[in-house]
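When you line the sequence shown up against this note's numbering, it's residues 4 to 93, in that order.
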Amino acid sequence: MATKLKSKKKIDQKRERGGAEPKYYEVFARKDSHSDLSHVGSVEAPNDELAQVRAWYIYDQHKWREMCVVPLESIITVTEEGKSAKIKMG
4 MATKLKSKKK IDQKRERGGA EPKYYEVFAR KDSHSDLSHV GSVEAPNDEL
54 AQVRAWYIYD QHKWREMCVV PLESIITVTE EGKSAKIKMG
């Protein structure tokens with residue numbers, strides 16, 4: 004009886020490692036459809052797909068209904084004129 008060997012998934016190591024600069028993502032989640040989306044933490048990843056996996060793995064303490072990752076560079080901070088806000092990383 005001949006058996007077929009499944010082809011191994013090829014991993015694009017360059018893509019998995021990312022570029023020279025790390026990319027940061029903010030993680031938001033809600034426990035149920037009636038809850039607000041809340042900030043639960045941050046992750047560092049070389050790309051969006053790996054950020055999703057890392058967020059789901061790191062912040063698994065609850066059974067989330069929904070989880071979102073947002074690149075830090077996409078967040079526009081809104082503050083009072085003349086005031087600044089600092090985002091703590093790490």
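Glycine included, each C-beta is placed from N, C-alpha and C at the ideal position.
C-alpha gap between residue i and residue j, whole angstroms
i: F31; j: L40; result: 6 Å
i: K34; j: P74; result: 22 Å
i: Y60; j: D51; result: 14 Å
i: Q64; j: I79; result: 28 Å
i: E76; j: K26; result: 9 Å
Under 8 Å between C-beta atoms of residue i and residue j
i: V56; j: Y28; result: no
For residue i, the nearest candidate out of the options (CA to CA)
i: H37; options: C71, G44, W67; result: W67
i: M70; options: V43, E84, E83; result: V43
Whole-angstrom C-beta distance between residue j and residue i, which should lie under 8 Å
i: A1; j: V72; result: There is no way to answer for residue 1, as the model of the chain reaches only from 4 to 93.
Spatial neighbours of residue i in its chain, beta-carbon cut-off 7 Å, leaving aside the 5 residues before and after
i: A54; result: Y28, V46, A48, V72
i: E84; result: none
i: E24; result: none
Short CB-CB distance (under 8 Å) between residue i and chain D
i: Y27; result: You won't find chain D in this structure, because it holds only one protein chain.
Chain-order list of residues whose beta-carbon lies under 8 Å from that of residue i (same chain, five-residue window excluded)
i: Y62; result: V30, A32, V43, G44, M70
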